[in-house]
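The opening residue of the sequence shown carries number 1 in UniProt numbering; numbering runs sequentially from there.
Backbone N, C-alpha and C fix where the C-beta goes; we use that ideal spot for every residue, glycine too.
The structure under discussion appears below in the form of structure tokens.
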Amino acid sequence: MLSFFNDVEAAYEDKVEAKKLLESYKKFKSVVPSKSEEKRLGREFETASGYSCYHAVQLAKEKREGKISLGN
């Protein structure tokens, strides 16, 4: 689960492979299958870090290949 949050953080601070983020998201979902729990954890992470799990996953799903970055 921690690797997913690390990958989201990497997408904002640098770049991360879209496939890597999607793989860590899949593992995260195997631990947290409930959508409401996923949203709660995502909100807590976003409050603490300022980084959106939702936006990172959506961009990774769009790209599928190569590196993604949400940083400015």
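Nearest to Glu65 by C-alpha distance, out of Leu22, Arg43 and Ser3, is Leu22.
In the structure shown, Glu17 falls within a strand segment according to DSSP collapsed to helix, strand and coil. In this structure, Ser52 lies away from Glu44, with their beta-carbon atoms at least 8 Å apart. The alpha-carbon of Ser3 is positioned some 8 Å away from that of Phe28. In this model, Tyr12 and Ala60 are separated by some 12 Å (Cα to Cα).
Counting only residues of its own chain and dropping the five nearest sequence neighbours on each side, Val8 has a CB closer than 6 Å to the CB of Tyr51, Cys53 and Ala56.
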